[in-house]
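Data first, discussion second: the structure below is written as structure tokens.
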Amino acid sequence: MTVRTRFAPSPTGRLHLGNVRTAIFNWLFARHHGGAFILRIEDTDLERNLPGAEAGLIEDLRWLGLEWEEGPDVGGPFGPYRQSERGEIHSAHARRLLDRGRAYPCFCTGEESMGEDRRYTGACRDLDRATTRARVDRGEPHLLRLMTPREGVIEVKDEVRGTITFPAKDIDDFVILRADGRATYNFGVVVDDMLMKISHVIRGAGHLSNTPKQVLIWGAFEAPLPCFAHLPDVLAPDGGKLSKRSGAAAVAELRAEGALPQAIVNYLSLLGWSHPEEREILSVDELADAVDLDRVGAADTAFDPEKMRWVGQQQMGALPDPVYFEKARHELQRMGMAGDLVDPLAELLRSRLATFGEIAGHLAFVKRSDEELRDALARGLADEKITADPGPLFAATASHLRDAPEWGPEAVRAAIGGAGHDLGIRGREVYIPLRLAWTGETHGPDLAVLVSALGRSEALRRLGAHDG
Ligand code: GLU
Numbered sequence: 000m001t002v003r004t005r006f007a008p009s010p011t012g013r014l015h016l017g018n019v020r021t022a023i024f025n026w027l028f029a030r031h032h033g034g035a036f037i038l039r040i041e042d043t044d045l046e047r048n049l050p051g052a053e054a055g056l057i058e059d060l061r062w063l064g065l066e067w068e069e070g071p072d073v074g075g076p077f078g079p080y081r082q083s084e085r086g087e088i089h090s091a092h093a094r095r096l097l098d099r100g101r102a103y104p105c106f107c108t109g110e111e112s113m114g115e116d117r118r119y120t121g122a123c124r125d126l127d128r129a130t131t132r133a134r135v136d137r138g139e140p141h142l143l144r145l146m147t148p149r150e151g152v153i154e155v156k157d158e159v160r161g162t163i164t165f166p167a168k169d170i171d172d173f174v175i176l177r178a179d180g181r182a183t184y185n186f187g188v189v190v191d192d193m194l195m196k197i198s199h200v201i202r203g204a205g206h207l208s209n210t211p212k213q214v215l216i217w218g219a220f221e222a223p224l225p226c227f228a229h230l231p232d233v234l235a236p237d238g239g240k241l242s243k244r245s246g247a248a249a250v251a252e253l254r255a256e257g258a259l260p261q262a263i264v265n266y267l268s269l270l271g272w273s274h275p276e277e278r279e280i281l282s283v284d285e286l287a288d289a290v291d292l293d294r295v296g297a298a299d300t301a302f303d304p305e306k307m308r309w310v311g312q313q314q315m316g317a318l319p320d321p322v323y324f325e326k327a328r329h330e331l332q333r334m335g336m337a338g339d340l341v342d343p344l345a346e347l348l349r350s351r352l353a354t355f356g357e358i359a360g361h362l363a364f365v366k367r368s369d370e371e372l373r374d375a376l377a378r379g380l381a382d383e384k385i386t387a388d389p390g391p392l393f394a395a396t397a398s399h400l401r402d403a404p405e406w407g408p409e410a411v412r413a414a415i416g417g418a419g420h421d422l423g424i425r426g427r428e429v430y431i432p433l434r435l436a437w438t439g440e441t442h443g444p445d446l447a448v449l450v451s452a453l454g455r456s457e458a459l460r461r462l463g464a465h466d467g
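Numbering that gives the first Met the number 0 numbers the first residue of the sequence shown as 0 and each following residue consecutively.
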């Protein structure tokens, strides 16, 4: 069997962590099996479509590296399939079911045709074919309903959940084609999946309830069913619904923060799936080698922002040096860092970064106001129970700094060492007051490299000294 998967987003907003997981899984699964991955924009609900959303989806998918290898030829990379461009195909297929007696026209207009449970009562189901044909030919408005079984069960075989049965009586003769000729949601999905020869319908658990209806439509076409796999839901860290507030950031936001696409792919692939050897940090190629349906669990999973950060840090560490340095330099230069300083800072921060955007946070101290620094110093010394007056330490350090022949981390390191030596103090007694005075923090990466980013006169000024 040729594996063919699809991602079928509706253009109602940007991709966020919850829905892009489905795209990632479909893409990895197709690659794992040497198959094809298709993008289909489900844009038939005109009222919900958001202008620009399709372009946003495409940008996000491309940035993540989730390319599709098939679609309308638009010159250059393939375009996506759009359901809205397939209206005639859908209606022709609905008519085919009508001809085969698997669907019937329904002329009911009002509420009287709906039972108390809002299910269609089937008044038109039993009209004889000659009558309905005549009414259709006369141009009487009608929609098309699928002839569904009234008894028994509908079986959905799910690769993740096993076989699930739905009582047939719970599903009425639902509409497949509206009176205006437009396909309904489930019908459009099935016709497209069928014509696009989708072998595996992999999607979120929320779609499980649509599946019995879709199975009936496949059956009406007498087409072999695809494999269905409903991935577990991704919940918020507190077990609630994953929302923007609970951390379901949009892919575009993560991109703007300088996240690594491979880290997002890596982290999200671990939600509901696990590596056979329980490895967690995997390159995209390793994921494509390993990801398969047999290790997907049905239990809900929770989004864990800390774990995502951790995966981001590991992936940052795994970047080839030239790639890391190019991006980090760019970010540092954007923040006004220049010359010999840039590479040591890039090196210093590397192990702490989950995204390039975090560089700004680590360098926020450069712009900290005197008042903030003063407050931080007082609070920090109290918290750390350091009672000695830091004045002499600052003066001694300033004096060494002023004498240093060349500015840079070495000069700062030597000045700190020299001041400690002069005053006979060591370790935290030296480092904590100085770090507080210079950065407003009690802990952080190598102080000498950080301080060199301030420049000599600012470093002296923060010690209450002046550039002699
Ligand atoms: N258009 C649906 C959605 O955005 C997906 C349909 C499907 O995967 O079958 O959730």
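All residues carry an ideal CB built from backbone N, CA and C; glycine is no exception.
Can you give me the Cβ contacts of T21 inside the same chain, cut-off strictly under 8 Å, excluding the 5 residues immediately before and after it?
Once the five neighbours on either side are set aside, the close Cβ partners of T21 are F6, I201, R202, G203, L230.
Tell me the residue span of the beta strand (DSSP E) that contains H473.
What the structure shows of the chain is the stretch from 0 to 467, and residue 473 is not part of that stretch, so it cannot be assessed.
Measure from the C-beta of P319 to each C-beta in chain C and report whether the shortest distance is under 8 Å.
Here chain C cannot be found, since the structure has a single protein chain.
Under 7 Å from any heavy atom of ligand 1, does the C-beta of P8 make it?
True, at least one ligand heavy atom lies under 7 Å from that Cβ.
Answer yes or no: the CB of H442 versus the heavy atoms of ligand 2, is any distance below 7 Å?
With respect to ligand 2, the structure shown offers nothing to examine, as its ligands consist of ligand 1.
Use the C-beta contact count for E285: other C-beta atoms within 10 angstroms, 16 or more gives buried, fewer gives exposed.
By the 10 Å Cβ count, E285 comes out exposed.
Pull up the distance between the alpha-carbon of G55 and that of E66, whole angstroms please.
Roughly 14 Å separates the two Cα atoms.
Out of A363, Q314, D445, point me to the one whose CA is closest to T354's CA.
Comparing Cα positions, the closest option is Q314.
Under 8 Å, do R333 and P444 count as touching if we go by C-beta distance?
No, the pair does not count as a contact, with Cβ atoms beyond the cut-off.
Taking Cβ to Cβ, would you say D232 is nearer than 8 Å to G205?
In this structure, G205 lies closer than 8 Å to D232 by Cβ.
For K306, does the three-state DSSP call read helix, strand or coil?
Here K306 sits in helix by DSSP.
Hey, E150 and C226 are a contact pair by Cβ (cut 8 Å); roughly how many whole angstroms apart?
In fact, because the Cβ distance is near 27 Å, the residues do not count as touching under 8 Å.
How many Å lie between V295 and H274 at the Cα?
Those two C-alpha atoms are separated by around 10 Å.
What's the C-alpha gap between T130 and V214?
The straight-line gap from Cα to Cα measures roughly 29 Å.
Which of helix, strand or coil does DSSP assign to V448?
V448 falls in the helix class under three-state DSSP.
Mind checking whether the beta-carbon of V200 lies closer than 7 Å to any heavy atom of ligand 1?
At least one heavy atom of ligand 1 is nearer than 7 Å to the Cβ of V200, so yes.
On a CA-only basis, which of L318, G454, K240 is nearest A258? Give me that one, please.
Cα-wise, what sits closest to A258 is L318.
When the distance is taken between beta carbons, is F36 closer than 8 Å to E68?
Yes. Within cutoff.
With hydrogens ignored, establish whether the beta-carbon of V188 is closer than 7 Å to any heavy atom of ligand 1.
Yes, the beta carbon of V188 sits closer than 7 Å to at least one heavy atom of ligand 1.
Is the beta carbon of Y80 sitting closer than 8 Å to the one on R128?
Result no, Cβ atoms of Y80 and R128 do not sit closer than 8 Å.
Quickly, what does DSSP pair Y119 with across the bridge? List them, please.
According to DSSP, Y119 bridges with M113.
Could you please give the first and the last residue of the uninterrupted beta strand (DSSP E) stretch that includes G74?
Element bounds for G74: n/a, residue is neither H nor E.
For P140 versus A182, is the C-beta distance shorter than 8 Å?
Not a contact, by the Cβ cut-off of 8 Å.
Is H89 near ligand 1, going by C-beta to nearest heavy atom under 7 Å?
No, the Cβ of H89 stays beyond 7 Å of every heavy atom of ligand 1.
Following the continuous alpha helix (DSSP H) through K156, name the residue where it begins and the one where it ends.
No alpha helix (DSSP H) holds K156; the beta strand (DSSP E) holding it covers 152-157.
Going by the beta-carbon positions, is the gap between T4 and N25 smaller than 8 Å?
Yes, Cβ-Cβ distance for T4 and N25 is below 8 Å.
Between the Cα of G463 and those of G161, R427, L400, spot the shortest distance and give me the residue it belongs to.
Nearest of G161, R427, L400 to G463, Cα basis: L400.
Just to confirm my understanding: we take G78, look at its own chain, exclude 5 residues before and 5 after, and list those with CB closer than 7 Å. What are they?
Counting only Cβ-Cβ distances below 7 Å, and skipping sequence neighbours, we find G70, P71.
For the alpha helix (DSSP H) holding R134, just list the boundary residues, first then last.
Per DSSP, R134 belongs to the alpha helix (DSSP H) from 128-136.
In this structure, does DSSP put A353 in helix, strand or coil?
Correct three-state label for A353: coil.
Give the secondary structure of G311 by DSSP, where H, G and I count as helix, E and B as strand, and everything else as coil.
Three-state result, G311: helix.
Relative to the C-alpha of A133, which residue among C105, I153, G109, V152 is closest?
Per the Cα distances, C105.
Is there contact between the stretch 434-454 and the stretch 411-420, where contact requires at least three CB pairs shorter than 8 Å?
Yes, since at least three Cβ pairs between the stretch 434-454 and the stretch 411-420 fall closer than 8 Å, the two stretches touch.
Give every residue of the same chain whose Cβ lies closer than 7 Å to the Cβ of G9, excluding the five residues on either side of it in the sequence, and list them in chain order.
Before going on, a small fix: residue 9 reads as Ser here, not Gly. Here the set comprises E41, D42, D44, R47.
Can you check which of these residues, N185, E370, P391, is closest to Q82 by C-alpha distance?
Considering only alpha carbons, the answer is N185.
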